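The numbering of the sequence shown is my numbering, which starts it at 8 and goes up by one.
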Amino acid sequence: MRIALYEPEIAGNVGAVMRLGACLGVNVDLVEPMGFAWEDRRVRRAAMDYIDHVKVTRHAGFGPFRASVAPGRLVLFTTKAEQSLHDFRFRADDVLLFGKESAGVPDEVAQACDERVRIPIRPEVRSLNLAIATALALGEALRQTGGLPPG
């Protein structure tokens with residue numbers, strides 16, 4: 008399983024997701040362009056010393072990233088999906104894709120994904136923070152597939 012962030016805009020969110028990946032043993036893919044410089048100290052501050060325990064791959068755009076997904080499924084998390092996270096059946100080789108904080112992903116990216124899933128939230132609010140959504144989704148996916156670390 009892998010986590011992928013599409014054109015992330017907030018360095019702190021990327022750092023938090025990198026720390027999540029380090030703690031749960033999941034690689035992180037970043038689809039550029041990003042809304043900050045890779046060397047931004049906020050990435051390292053949020054990831055702390057966990058940054059040395061996660062493999063991060065940067066992709067020069069969605070096309071090169073999409074080509075790297077095979078043979079797994081690309082599972083997009085979006086507020087526009089019909090299927091709930093809790094009803095979806097994850098596979099160990101899934102790549103969990105999350106859109107940019109301000110706009111999600113464009114329609115053509117959504118259409119290029121194999122599956123679309125939503126995290127149920129109250130109707131009077133728009134969305135969760137990117138790092139929080141990633142943690143909820145990854146936790147459920149790893150639980151279903153038996154991929155949670157022991158202990």
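Each residue gets a CB set at the ideal place from its N, CA and C atoms; glycine is no exception. Keep in mind the model is a prediction, meaning the values are calculated, not measured.
*In chain order, which alpha helix (DSSP H) runs of at least 4 residues are fully inside the stretch 47–121?*
48–54, 69–74, 114–119
*asked:* I need the straight-line Cα distance from residue 121 to residue 109, nearest angstrom please.
replied: Distance between the alpha carbons of residue 121 and residue 109: 23 angstroms.
_Three-way DSSP call (helix, strand, coil) for residue 137 in this model_ = Three-state DSSP puts residue 137 in a helix.
*Do you know how far the Cα of residue 12 is from the Cα of residue 95?*
Going by C-alpha positions, residue 95 is about 20 angstroms away from residue 12.
*What is the rounded straight-line gap between the Cα of residue 9 and the Cα of residue 43?*
22 angstroms
*Between the stretch 59–79 and the stretch 26–43, do three or more beta carbon pairs fall short of 8 angstroms?*
yes
*Quick one: Cα of residue 113 to Cα of residue 139, how far?*
21 angstroms
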